[in-house]
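S.K.: Sharing a structure with you now.
There are 6 protein chains.
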Amino acid sequence: MAVLPPLSDADASPEARAVFDQIRASRKTDFINNFWRVLAHDPPQLKATWERLSGVMGPGSLDPLVKELIYIAVSTANGCSYCIHSHTAAARAKGMSEAQHAELIAVIGMAAQTNAMVTALQVPVDQVFQAELP
Amino acid sequence: MAVLPPLSDADASPEARAVFDQIRASRKTDFINNFWRVLAHDPPQLKATWERLSGVMGPGSLDPLVKELIYIAVSTANGCSYCIHSHTAAARAKGMSEAQHAELIAVIGMAAQTNAMVTALQVPVDQVFQAELP
Amino acid sequence: MAVLPPLSDADASPEARAVFDQIRASRKTDFINNFWRVLAHDPPQLKATWERLSGVMGPGSLDPLVKELIYIAVSTANGCSYCIHSHTAAARAKGMSEAQHAELIAVIGMAAQTNAMVTALQVPVDQVFQAELP
Amino acid sequence: MAVLPPLSDADASPEARAVFDQIRASRKTDFINNFWRVLAHDPPQLKATWERLSGVMGPGSLDPLVKELIYIAVSTANGCSYCIHSHTAAARAKGMSEAQHAELIAVIGMAAQTNAMVTALQVPVDQVFQAELP
Amino acid sequence: MAVLPPLSDADASPEARAVFDQIRASRKTDFINNFWRVLAHDPPQLKATWERLSGVMGPGSLDPLVKELIYIAVSTANGCSYCIHSHTAAARAKGMSEAQHAELIAVIGMAAQTNAMVTALQVPVDQVFQAELP
Amino acid sequence: MAVLPPLSDADASPEARAVFDQIRASRKTDFINNFWRVLAHDPPQLKATWERLSGVMGPGSLDPLVKELIYIAVSTANGCSYCIHSHTAAARAKGMSEAQHAELIAVIGMAAQTNAMVTALQVPVDQVFQAELP
Chain L
1 MAVLPPLSDA
11 DASPEARAVF
21 DQIRASRKTD
31 FINNFWRVLA
41 HDPPQLKATW
51 ERLSGVMGPG
61 SLDPLVKELI
71 YIAVSTANGC
81 SYCIHSHTAA
91 ARAKGMSEAQ
101 HAELIAVIGM
111 AAQTNAMVTA
121 LQVPVDQVFQ
131 AELP
Chain P
135 MAVLPPLSDA
145 DASPEARAVF
155 DQIRASRKTD
165 FINNFWRVLA
175 HDPPQLKATW
185 ERLSGVMGPG
195 SLDPLVKELI
205 YIAVSTANGC
215 SYCIHSHTAA
225 ARAKGMSEAQ
235 HAELIAVIGM
245 AAQTNAMVTA
255 LQVPVDQVFQ
265 AELP
Chain V
269 MAVLPPLSDA
279 DASPEARAVF
289 DQIRASRKTD
299 FINNFWRVLA
309 HDPPQLKATW
319 ERLSGVMGPG
329 SLDPLVKELI
339 YIAVSTANGC
349 SYCIHSHTAA
359 ARAKGMSEAQ
369 HAELIAVIGM
379 AAQTNAMVTA
389 LQVPVDQVFQ
399 AELP
Chain S
403 MAVLPPLSDA
413 DASPEARAVF
423 DQIRASRKTD
433 FINNFWRVLA
443 HDPPQLKATW
453 ERLSGVMGPG
463 SLDPLVKELI
473 YIAVSTANGC
483 SYCIHSHTAA
493 ARAKGMSEAQ
503 HAELIAVIGM
513 AAQTNAMVTA
523 LQVPVDQVFQ
533 AELP
Chain R
537 MAVLPPLSDA
547 DASPEARAVF
557 DQIRASRKTD
567 FINNFWRVLA
577 HDPPQLKATW
587 ERLSGVMGPG
597 SLDPLVKELI
607 YIAVSTANGC
617 SYCIHSHTAA
627 ARAKGMSEAQ
637 HAELIAVIGM
647 AAQTNAMVTA
657 LQVPVDQVFQ
667 AELP
Chain W
671 MAVLPPLSDA
681 DASPEARAVF
691 DQIRASRKTD
701 FINNFWRVLA
711 HDPPQLKATW
721 ERLSGVMGPG
731 SLDPLVKELI
741 YIAVSTANGC
751 SYCIHSHTAA
761 ARAKGMSEAQ
771 HAELIAVIGM
781 AAQTNAMVTA
791 LQVPVDQVFQ
801 AELP
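Chains as they are written, first to last, in our numbering: chain L, 1 to 134; chain P, 135 to 268; chain V, 269 to 402; chain S, 403 to 536; chain R, 537 to 670; chain W, 671 to 804.
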């Protein structure tokens, strides 16, 4: 399925190809996945998204693998099939073990279950969990 | 807001109070938050949920703090205000720094943004991301 | 919270008040809840929504109480706090017992959990579950 | 995928075929898309849905193209792949340019990102944004 | 699509095959659907999920068919294609008629519509719908 | 509710206050709403978010008011109460009439309803709606 075709290197504009080159250099692979090839229809959006994503997902206070797990969790709750596939692959590339994957699934499932129970019961937020407002 | 009131210790059944005692012993605090007090209307559900949750969220291949971050991510995507409040408190209790919290927010926001872009564009899943089916 | 105030009978237009009267007659109560009082800013929308809702939620192949349970389930997954409150009240008025409410919460929680696990794992749909396409 | 097959003209009931004829006349095309062909299993629902949809999406205070953009935005947030495909096609038929499509994607992505950040941070609603309640 | 392949009986561990046997005995069929075959990568999760699911979905205060309708409703709002397919099949196996299916779709659609309208209008919850808090 | 308090001008860092000044200059008002005051705990995130948001929401191929309507639509489907309040206020400030607001609500409700019906029925995407893949 698609509403816009992924662009091959030949069909992409020079500005988009320049971003492809950055992605290739950063990831040390020739492969460019479809997200970037579809975004290439809008080169400034492609460039801005790549720059933010590589900044946000890089090393910081949280480990890059932990960030991938969070990404999978959000993508699951949002039902983004593409994102689940691509970030599960990314997590594996960053060292996610089968046992970690299984625990991730368990935590996501547990959170979804209690989210639904809390929402169906409309549980009031405890005072102690709330920041004091000025 | 609530569709069922949280039950005080005095109003909870002996079976529910026994779970409250387990929670207190496990968490080393007297405080019982409203989720458990509302679930106390259905003591078997209370007991089963506590047992699964403490199992899933305990130590394993993933660090307990990492599990809390994943929980916050799912709860955010599901819009569960109570869950975001309670698990942000839990993450802080397990050592989440302000810088880690800020990165968590950034990753959640980035994931939500690209989830939406991918979905709006209906990007086709790359073959390389898919498990081979039998 | 509100982006438009609920309209009192005095502030509503004659067209909106006529719908209020239909609701009162149908429900055999003088009380008009805020959903209808906010919709009263757009009387044709108020009228159309009331007519469809009372048609869809009335007796048919499914029991009206069962329809309320389905409504609560959808409202929970969509995170609509108002809708959960109002349809839980409606389900109780139609005879939902505490035990049925507890089972409803359990089913909603179980479904949310397996939905999330299935989505995180991207389980392929079995051939036998799919309708044959022409 | 499907849980009910789309009905061909030959398989549809006379009541459903009459709605197909209305759709064809209104859209000035012979083509009937699968949404209507699946709904044809329930002719009264087919008829009611078509009548409401054509009313809501027709000219009014908002331009029909603007309505299509709003439809795509909602369908994206709800993850409805079919709806994104069909309403992107409808928007193009109503004149959506490539540049407008690109801006739509950017706004949807930005909204999803800030929605998630606001929710993760549980930002309190400013008093000035709230309607005064009676 | 898949991020982990479904396991055949030959590839599953003895612990997973034991759960397959329980499913077969309980459902009186040899067929094991993909959800269980993918979960078989994590046998304790497979076992726990099957035990909870068969407990929750079994007879109680709510009819098993009603529970399937609730499951379909939640799965629809969460956009879980696999779950909609499998639980629609389950509901049919438990006696759901075409007329009941059509009413289910109508209630789900109506709930989704009013959920969205209520949310867009931020309708304040009526006092009478709220449980009294201690 | 809040997990982090909004920062007053006095409590914000110089870097954050500089962004507040940009917002004030751009919007020609002294008022800074809570989203920015909470983001001020992470000044680089505050700065980056303001710059992207003001870029995306400014004039382009789509009218700024149309962009606000799209923002409200996404925020509604994501259940972001804060965002609905703030962007409804923004839309009014950019000239949204009561009639346009009423139509927006109607389109959002219609989209949510058909999204749910399509998803519950798992309608297959028509070939004609799909981009040709390379």
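C-beta atoms are modelled at their ideal positions from N, C-alpha and C, and glycine is treated no differently.
Starting from Gly779(W), trace the alpha helix (DSSP H) both ways and give me its first and last residue.
M.R.: Your numbering for residue 779(W) matches position 109 in the sixth sequence. 768-791 is the extent of the alpha helix (DSSP H) around Gly779(W).
S.K.: On the CB-based measure, 16 or more other CB atoms within 10 Å of its CB, does Glu634(R) come out buried or exposed?
M.R.: Residue 634(R) sits at position 98 when you count from the first residue of the fifth sequence. Its Cβ having fewer than 16 others within 10 Å, Glu634(R) is exposed.
S.K.: Please list the partners that Pro258(P) has in chain W, where partner means a Cβ-to-Cβ separation under 7 Å.
M.R.: Walking along the second sequence from the start, residue 258(P) turns up at place 124. Residues of chain W passing the Cβ test: Leu803.
S.K.: I'd like the list of long-range same chain contacts for Gln313(V), defined as Cβ closer than 7 Å, with 5 residues on each side in sequence excluded.
M.R.: Working through the third sequence from its first residue, we reach residue 313(V) at position 45. Contacts found: Leu307.
S.K.: Which bits of chain V does Ser488(S) rub up against, with CB to CB less than 7 Å?
M.R.: What you label residue 488(S) is simply residue 86 of the fourth sequence in a count that begins at 1. Ordered by position in chain V, no residue passes the 7 Å Cβ test against Ser488(S), which lies about 17 Å from the chain.
S.K.: Going by CA-CA distance only, name the one from Lys717(W), Phe701(W), Ile778(W) that's closest to Pro684(W).
M.R.: As a working note, residue 684(W) is residue 14 in the sixth sequence. The candidate whose alpha carbon is nearest that of Pro684(W) is Lys717(W).
S.K.: What number of angstroms, rounded off, separates the C-alpha of Ala652(R) from the C-alpha of Asp21(L)?
M.R.: For this step, residue 652(R) is matched to residue 116 along the fifth sequence. For this step, residue 21(L) is matched to residue 21 along the first sequence. Cα to Cα, the separation comes out at about 43 Å.
S.K.: Output needed in chain order: residues of the segment 192-220 of chain P with a Cβ under 8 Å from some Cβ in chain W.
M.R.: Considering only beta carbons, the part of the segment 192-220 of chain P lying closer than 8 Å to chain W consists of Gly213, Ser215, Ile218, His219, in chain order.
S.K.: Can you list, in chain order, the residues of its chain whose CB lies under 7 Å from that of Ile291(V), leaving out five sequence neighbours each side?
M.R.: Stepping through the third sequence from its first residue, residue 291(V) is reached at position 23. Result list for Ile291(V): Ile300, Trp304, Trp318, in chain order.
S.K.: Using a C-beta to C-beta distance shorter than 7 Å, which residues of chain R count as neighbours of Phe397(V)?
M.R.: In the third sequence, residue 397(V) corresponds to position 129, counting from 1. Under the 7 Å cutoff, chain R gives His621, Ser622, Ala625.
S.K.: Along the alpha helix (DSSP H) that carries Ser678(W), what are the first and last residues, could you check?
M.R.: Residue numbering aside, residue 678(W) sits at position 8 when the sixth sequence is read from its first letter. Neither: Ser678(W) is in no alpha helix (DSSP H) and is coded neither H nor E.
S.K.: Contact defined as beta carbons within less than 8 Å: I believe Pro408(S) pairs with Pro402(V). What is the distance between those atoms, to the nearest angstrom?
M.R.: Here the question's residue 408(S) lines up with position 6 in the fourth sequence. Here the question's residue 402(V) lines up with position 134 in the third sequence. Yes, they are in contact, since the Cβ atoms of Pro408(S) and Pro402(V) sit about 7 Å apart, within 8 Å.
S.K.: Starting from Met671(W), trace the alpha helix (DSSP H) in both directions and tell me its first and last residue.
M.R.: Indexing the sixth sequence from 1 puts residue 671(W) at position 1. Judged by DSSP secondary structure, Met671(W) falls outside any alpha helix (DSSP H); it is assigned neither H nor E.
S.K.: Does DSSP classify Pro729(W) as helix, strand or coil?
M.R.: Within the sixth sequence, residue 729(W) is the residue found at index 59, counting from 1. Correct three-state label for Pro729(W): coil.
S.K.: So is Asp42(L) in contact with chain S if we call contact Cβ pairs under 8 Å?
M.R.: One-based indexing of the first sequence puts residue 42(L) at position 42. Output row for Asp42(L): interface = yes.
S.K.: Assuming Ala265(P) and Ala538(R) make a contact with CB atoms under 8 Å, what is their CB distance in whole Å?
M.R.: Locating residue 265(P) in the second sequence gives position 131, where the first residue counts as 1. Locating residue 538(R) in the fifth sequence gives position 2, where the first residue counts as 1. The C-beta distance from Ala265(P) to Ala538(R) rounds to 4 Å, short enough to fall under 8 Å.
S.K.: If the cut is a Cβ gap below 7 Å, which residues of chain W does Val271(V) touch?
M.R.: Against the third sequence, residue 271(V) aligns to sequence position 3. Near Val271(V) (Cβ distances below 7 Å), the residues of chain W are Ile754, His755, Thr758.
S.K.: Using beta-carbon positions only, say whether Val643(R) and Lys335(V) come within less than 8 Å of one another.
M.R.: The sequence position of residue 643(R) within the fifth sequence is 107, counting from 1. The sequence position of residue 335(V) within the third sequence is 67, counting from 1. In contact: Val643(R) and Lys335(V) (Cβ atoms closer than 8 Å).
S.K.: Is Ile32(L) helix, strand or coil by DSSP?
M.R.: To locate residue 32(L), count along the first sequence from 1; it is residue 32. Note: Ile32(L) maps to coil in three-state DSSP.
S.K.: Pick from Asp298(V), Asp277(V), Ala345(V): whose alpha carbon is nearest that of Ala120(L)?
M.R.: On the first sequence, position 120 is the one that residue 120(L) refers to. Checked all of Asp298(V), Asp277(V), Ala345(V); the closest Cα to Ala120(L) is Ala345(V).
S.K.: So, for Ser477(S): in the same chain, excluding its five sequence neighbours on each side, which residues have a beta-carbon less than 8 Å away from its beta-carbon?
M.R.: Reading the fourth sequence from its first residue, position 75 is the one you call residue 477(S). Counting only Cβ-Cβ distances below 8 Å, and skipping sequence neighbours, we find Cys485, Ile486, His489.
S.K.: Using a 10 Å radius around the Cβ and a threshold of 16 neighbouring Cβ atoms, would you call Pro59(L) buried or exposed?
M.R.: Residue numbering aside, residue 59(L) sits at position 59 when the first sequence is read from its first letter. The residue is exposed, with fewer than 16 neighbouring Cβ atoms inside 10 Å.
S.K.: Sorted by chain position, which residues of the same chain lie with C-beta nearer than 6 Å to Asn436(S)'s C-beta, five sequence neighbours on each side aside?
M.R.: Reading the fourth sequence from its first residue, position 34 is the one you call residue 436(S). Taken in chain order, the residues that qualify are Pro408.
S.K.: From the beta carbon of Ala245(P), is the nearest beta carbon of chain W less than 8 Å away?
M.R.: Taking the second sequence and counting its residues from 1, one reaches residue 245(P) at position 111. So no, Ala245(P) is outside the interface.
S.K.: Can you say whether Val793(W) is buried or exposed, counting buried as having 16 or more other CB atoms within 10 angstroms of its CB?
M.R.: Against the sixth sequence, residue 793(W) aligns to sequence position 123. Within a 10 Å sphere around the beta-carbon of Val793(W) sit 16 or more other beta-carbons, which makes this residue buried.
S.K.: Could you tell me the alpha carbon to alpha carbon distance between Thr121(P) and Tyr71(L), rounded to whole angstroms?
M.R.: This structure cannot speak to residue 121(P), because chain P is shown only from 135 to 268.
S.K.: Should Ala418(S) be labelled buried (16 or more other beta-carbon atoms within 10 Å of its own) or exposed?
M.R.: Within the fourth sequence, numbered from 1, the residue matching residue 418(S) stands at position 16. Ala418(S) counts as buried, since at least 16 other C-beta atoms from the protein chains shown sit within 10 angstroms of its C-beta.
S.K.: According to DSSP, is Lys737(W) helix, strand or coil?
M.R.: Translated into the one-based positions of the sixth sequence, residue 737(W) becomes position 67. Helix, per DSSP.
S.K.: In terms of alpha-carbon separation, which member of Gly79(L), Ala90(L), Leu69(L) lies closest to Asp260(P)?
M.R.: Start at 1 with the first residue of the second sequence, and residue 260(P) comes out as number 126. When each option's Cα is compared against that of Asp260(P), the closest is Ala90(L).
S.K.: Closest to Ala207(P) by CA distance: which of Met96(L), Arg52(L), Leu104(L) is it?
M.R.: Looking up residue 207(P) in the second sequence gives position 73. Measuring from the Cα of Ala207(P), the nearest candidate turns out to be Leu104(L).
S.K.: Using beta-carbon positions only, say whether Asp733(W) and Ala236(P) come within less than 8 Å of one another.
M.R.: Reading the sixth sequence from its first residue, position 63 is the one you call residue 733(W). Reading the second sequence from its first residue, position 102 is the one you call residue 236(P). It is not a contact, given that the beta carbons lie outside the stated cut-off.
S.K.: So if I threshold CB-CB distances at 8 Å, which residues from the segment 538-560 of chain R count as touching chain P?
M.R.: The residues in question are Ala538, Val539, Leu540, Pro541, Pro542, Ser544.
S.K.: Mapping DSSP to helix, strand and coil, what is Pro312(V)?
M.R.: Within the third sequence, numbered from 1, the residue matching residue 312(V) stands at position 44. Here Pro312(V) carries a helix assignment [DSSP, helix/strand/coil].
S.K.: Near Asp30(L), which residues of its chain fall below 7 Å by C-beta distance, leaving aside the five closest residues on each side in sequence?
M.R.: The residue you call residue 30(L) lines up with position 30 of the first sequence. Excluding its 5 nearest sequence neighbours in each direction, Asp30(L) has C-beta neighbours in its own chain below 7 Å: Arg24, listed in chain order.
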